[in-house]
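Residue numbers (the working numbering): 321 to 386.
This is the structure in structure tokens:
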């Protein structure tokens with residue numbers, strides 16, 4: 321299962337009514353309304369997520385997180 325398949329399944333499971341788009345560089349994005357909340361790189365190897373500031377701060381203090 322690819323990262324894109326995981327995100328597509330999660331968006332469907334939680335009924336996020338997410339809009340999926342493909343950027344000029346080939347990366348795939350998920351948004352709801354005007355808010356982008358996830359992106360998978362064009363090669364499918366990395367994903368980025370919009371996190372609540374509290375969660376993002378905790379993640380940044382976790383070892384081995386970039």
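C-beta atoms are modelled at their ideal positions from N, C-alpha and C, and glycine is treated no differently.
Since the structure is predicted, the reported quantities are computational estimates derived from the model, not experimental observations.
With a contact defined as Cβ atoms closer than 8 Å, residue 347 and residue 339 miss out at about 15 Å. When DSSP assignments are scanned along the region 322-348, the uninterrupted stretches of beta strand (DSSP E) that are 3 or more residues long and fall wholly within it turn out to be 339-342. Residues 349 of the same chain have their beta carbon placed closer than 6 Å to that of residue 341, with the five preceding and five following residues left out of the count. The C-alpha of residue 343 lies about 12 Å from the C-alpha of residue 356. Cβ-Cβ distances below 6 Å link residue 367 to 323 and 360 in the same chain, with the five nearest sequence neighbours on each side left out; the list follows chain order.
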